[in-house]
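Under the numbering used here, think of the first position of the sequence shown as 1063, with each following residue one higher. Beta carbons: idealized from backbone N, C-alpha and C, even for Gly. Note that this is a predicted model, so its numbers are computed, not measured. Report on the following structure.
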Amino acid sequence: MVHPDNRFVAESTLTRQELRTPILRRSFRKPYPAAVRGEGVYVWDADGKRYLDFSGSAVVNFIGHGVREIAEAMFEQARQLEFVHTSQFTTPIAEAFAAELLDFGGEHFRDGAVFFTCGGSESIDTALKLARQYQVEIGQSRRYQVLSRNQSYHGSTLGALAVSGNRKRREIYLPMVREFAHIGMPYCYRCDFDCSDGCRNCGQQYAAELERAIEETRGEAAAFVFEPMSGATLGAVTPPPGYLQAIADICRRHGVLLIADEVMTGMGRTGRNFSVEHWQVVPDILVTAKGLSSGYAPLGAVIASKKVVDAIAGGSGAILHGFTYNAHPVSVAAGRAVLQRIQSQNLVQAADSDAAGTVGSALKTALDSLSDLEAVGDVRGLGLLWAVEFVRDKKTKQPFLPEKNFAGQIGQACVRRGLLVYPMQGCADGNSGDHVLIAPPAVITSEQIGWAVEQLRAAIKESA
Ligand SMILES: Cc1ncc(COP(=O)(O)O)c(C=O)c1O
1063 MVHPDNRFVA ESTLTRQELR TPILRRSFRK PYPAAVRGEG VYVWDADGKR
1113 YLDFSGSAVV NFIGHGVREI AEAMFEQARQ LEFVHTSQFT TPIAEAFAAE
1163 LLDFGGEHFR DGAVFFTCGG SESIDTALKL ARQYQVEIGQ SRRYQVLSRN
1213 QSYHGSTLGA LAVSGNRKRR EIYLPMVREF AHIGMPYCYR CDFDCSDGCR
1263 NCGQQYAAEL ERAIEETRGE AAAFVFEPMS GATLGAVTPP PGYLQAIADI
1313 CRRHGVLLIA DEVMTGMGRT GRNFSVEHWQ VVPDILVTAK GLSSGYAPLG
1363 AVIASKKVVD AIAGGSGAIL HGFTYNAHPV SVAAGRAVLQ RIQSQNLVQA
1413 ADSDAAGTVG SALKTALDSL SDLEAVGDVR GLGLLWAVEF VRDKKTKQPF
1463 LPEKNFAGQI GQACVRRGLL VYPMQGCADG NSGDHVLIAP PAVITSEQIG
1513 WAVEQLRAAI KESA
């Protein structure tokens, strides 16, 4: 038995198969093929092996790989002007893209403003600070706490990690982060409440937790941050009816800003421009990344509503925050070209799983067909963001032992078959529970979906 404090040292002396290269890779145990080319839904490695990207890498690619016009837009921007610092200049491209993004965000973001970053975690940290500054600007300087949910993921910087609930990704850093209250997250497959009424009651119970948590801060709550649809941690879990509306209402009544983390679910991924539209919820701040540039450049965005922007513009008049590379012209050029592509190819509509004849609905039907497998406990999702959860016992929903790393095994079996999925562990209780995320680019065809689901079925059978 290894003492918990010595776990990392002990494991590395036990397992001496380190795969070392000049890159500090995510794992020293796992071999990584070298990727050299991408086109459409495919990626090729240096040995010429082809992979169907059934997870958009990590729910990043939405428009397909290797789209020439994105590379050209980036090249053109780099040729004209590669970089200026946002303390000295703005750029026409950033101004134009911000206006287009506000438009894409809908009526609620009219006269708001966008802060561009290099990705999701930076955007979350920006949103947390923006919420705090908003409260200070309106004379509510006692408000600084940001409430969030268990089993959520908002990023890997210490600020984003503080509001995340993904146990595995947080555990060793907890002494370094400033924590506020985390409330429960509805997860109807493994719900704490009686869901026999179609989950109406459980949604209200979970929302009531937020109200209690806000009251317990005694006037110090600044914001609540949430993923409208759980991303990696629980795997494509949609909220029960009425839940998000109740959350939004509670925040409004208590003067707490509502921050929607749409890093994974934004930019069309769920068949709407932003997933909050499914539940008619309007956040004060909306955070997005991943699909925003579809991976062509590091890019994230914090979209602030007029209320938030007005408070700062008419108050101190300056944002107390910034990164050297925020609104980087080449990244912004990539994002702008990606949005044009999303719109010209009608990719948001293609992703809509509730509309007949779309690839979104084809994916839903194909993945549902896996439910007959003994190891498949649940298939859930929306648009082009789905999860397949695996169980050891279908009746009791008992998960596999975490040491078995069932999701990881399936991921590897898929890779051997030339298929990329996104395996995760911990959905059941933070430690056990296995699922794979499925989130292909919206240019996937029904035939490619059929092939990919066949491979996934074979990989599950092989691993069970
Ligand atoms: C919902 C959500 N928020 C934030 C992040 C962090 O984004 P990034 O990895 O770009 O920093 C992620 C990444 O997976 C995410 O899924």
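Paired residues, beta bridge with residue i - DSSP
{"i": "residue 1244", "result": "1210"}
{"i": "residue 1324", "result": "1350"}
{"i": "residue 1106", "result": "1099 and 1112"}
{"i": "residue 1365", "result": "1176 and 1348"}
{"i": "residue 1484", "result": "1499"}
{"i": "residue 1286", "result": "1209 and 1320"}
{"i": "residue 1127", "result": "1102"}
Close-in-space but distant-in-sequence residues of the same chain around residue i (CB under 7 Å, 5 per side omitted)
{"i": "residue 1173", "result": "1368"}
{"i": "residue 1402", "result": "none"}
{"i": "residue 1517", "result": "1476, 1479 and 1481"}
{"i": "residue 1490", "result": "1252 and 1461"}
{"i": "residue 1305", "result": "1248, 1265, 1268 and 1269"}
{"i": "residue 1155", "result": "1139, 1391, 1394, 1395 and 1398"}
{"i": "residue 1199", "result": "1373, 1374, 1377 and 1378"}
{"i": "residue 1159", "result": "1394, 1397 and 1398"}
{"i": "residue 1443", "result": "1298 and 1449"}
{"i": "residue 1229", "result": "1488, 1492 and 1493"}
{"i": "residue 1323", "result": "1186, 1216, 1287, 1288, 1289 and 1349"}
Same chain, Cβ closer than 6 Å to residue i, five either side skipped, listed in chain order
{"i": "residue 1191", "result": "1383"}
{"i": "residue 1009", "result": "A query on residue 1009 cannot be resolved here, the shown segment of the chain reaching from 1063 to 1526 and no further."}
{"i": "residue 1015", "result": "No answer is possible for residue 1015: the residues shown for the chain start at 1063 and end at 1526."}
{"i": "residue 1468", "result": "1452, 1462 and 1496"}
{"i": "residue 1358", "result": "1132 and 1396"}
{"i": "residue 1281", "result": "1204"}
{"i": "residue 1075", "result": "With a pLDDT of only 43 at residue 1075, under the threshold of 50, the placement of this residue in the model should not be trusted; the figure read from the coordinates follows. None."}
{"i": "residue 1108", "result": "1096 and 1098"}
{"i": "residue 1448", "result": "1298, 1429 and 1500"}
{"i": "residue 1459", "result": "1439 and 1453"}
{"i": "residue 1316", "result": "1276"}
{"i": "residue 1227", "result": "1211, 1212, 1213, 1214 and 1244"}
{"i": "residue 1506", "result": "1103 and 1421"}
Cut-off 8 Å between Cβ atoms - residues of its own chain near residue i, not counting five sequence neighbours on either side
{"i": "residue 1414", "result": "1333, 1334, 1420, 1422, 1423 and 1445"}
{"i": "residue 1231", "result": "1215, 1218 and 1223"}
{"i": "residue 1547", "result": "The question about residue 1547 has no answer, for the chain in this structure spans 1063 to 1526."}
{"i": "residue 1473", "result": "1483, 1484, 1485 and 1498"}
{"i": "residue 1220", "result": "1235, 1238 and 1239"}
{"i": "residue 1309", "result": "1269, 1272, 1286, 1288, 1320 and 1343"}
{"i": "residue 1436", "result": "1456 and 1526"}
{"i": "residue 1386", "result": "1147"}
beta-carbon residue i near ligand 2 non-hydrogen atom, thresh 7 Å
{"i": "residue 1112", "result": "Ligands displayed in this structure: ligand 1; ligand 2 is not among them."}
Item to check | Contact the stretch 1131-1148 vs the stretch 1396-1415: 3+ CB pairs below 8 Å | outcome: yes
Checklist entry - Between the stretch 1359-1373 and the stretch 1161-1168, do at least 3 Cβ pairs fall closer than 8 Å? => result yes
Item to check | Three or more C-beta pairs below 8 Å linking the stretch 1497-1513 and the stretch 1113-1125 | outcome: yes
Checklist entry - Is the number of C-beta pairs between the stretch 1178-1190 and the stretch 1213-1233 that are closer than 8 Å three or more? => result yes
Checklist entry - Which runs of the beta strand (DSSP E) spanning at least 3 residues fall entirely within the stretch 1411-1478, listed in chain order? => result 1438-1444 and 1447-1452
Item to check | Exercise answer, beta-carbon shell around ligand 1 heavy atoms below 5 Å | outcome: 1181, 1182, 1183, 1216, 1217, 1289, 1293, 1323, 1325, 1326 and 1351
Checklist entry - Three or more beta-carbon pairs under 8 Å between the stretch 1285-1292 and the stretch 1202-1214, yes or no? => result yes
Checklist entry - Looking at C-beta atoms only, is the number of pairs between the stretch 1336-1346 and the stretch 1295-1307 that lie closer than 8 Å three or more? => result yes
Checklist entry - Between the stretch 1371-1379 and the stretch 1138-1146, are three or more C-beta pairs nearer than 8 Å? => result no
Next on the checklist: With three or more beta-carbon pairs closer than 8 Å as the criterion, would you say the stretch 1450-1458 touches the stretch 1080-1090?
Outcome noted: no
Item to check | Uninterrupted alpha helix (DSSP H) stretches inside the stretch 1358-1409 (no shorter than 4 residues) | outcome: 1368-1375 and 1391-1406
Checklist entry - Are the stretch 1145-1153 and the stretch 1384-1392 in contact at 8 Å, needing three or more beta carbon pairs? => result yes
Checklist entry - Unbroken beta strand (DSSP E) runs of length 3 or more, entirely within the stretch 1252-1306: which are they? => result 1283-1288
Item to check | Length at least 3, wholly inside the stretch 1134-1205: the beta strand (DSSP E) runs in chain order | outcome: 1175-1179
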